[in-house]
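Structure, as structure tokens:
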Amino acid sequence: MILTDYYKGQRLTEAQSRFDITASTGEYDLFDILLINKLKFNVGGLSFNYVPRPDRWTGKKTDYAITKGSHNVTSVKRPDIETPFAYGDINGTNDGCIIVFNSDFKDTSINTIEIFIARGCRNDTNSLWDLFTDGELTHEVEALRKKAVTKNVTGKN
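What follows is the structure, given as structure tokens:
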């Protein structure tokens, strides 16, 4: 399999940029450490932020990024703005990812973000994108969704 791990984030609070992990395969150690909530809502659970990419970041310019605190998880590259798909590479690793937004999204109405990790594919994200958009990874996507464990999200906003 090319896709190895899966994390599903959903907007559960009033915060426009926060997405709490509601399902995952739970096998990507970096996310299980990096995305942990230490304060406020869903303490002990996982979350990330989908935000405009800070201007201070160097490298390829993209409009959005997935972050946790001041840490860049991945810049979000959307080659086709007509589709709810994007790709990136996980900062500080050799891993790439495919990002899927809820199918009825618009810039201000993203409610679900799914991240599919492809370990070792950091330098092959264009090929990964091609395989995904050509439908060649559909069976892997569905297998990871089925393998995912639902997470209990608790706490007050």
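Residue numbers (this note's numbering): 549 to 705. We put the beta carbon where it would ideally sit given N, CA and C, even for glycine. These numbers were taken from a predicted model, which means no experiment stands behind them.
Asked	Found
Considering only the beta carbon of each residue, do Arg-667 and Thr-573 sit closer than 8 angstroms?	no
Where does Leu-587 sit, in a helix, a strand or coil, going by DSSP?	coil
Smallest Cα separation from Arg-559: which of Asp-682, Ile-550 and Thr-570?	Thr-570
Taking Cβ to Cβ, would you say Leu-594 is nearer than 8 angstroms to Leu-583?	yes
For Val-689, report the span of its alpha helix (DSSP H) as first-last.	686 to 695
I need the DSSP call for Asp-553, collapsed to helix, strand or coil.	strand
Let's test the definition: count the other Cβ atoms within 10 Å of the Cβ of Asn-590 and tell me whether it reaches 16, buried, or not, exposed.	buried
Where does Arg-566 land, buried or exposed, given buried means 16+ other C-beta within 10 angstroms?	buried
The alpha helix (DSSP H) that contains Ile-581, what's its start and end?	577 to 582
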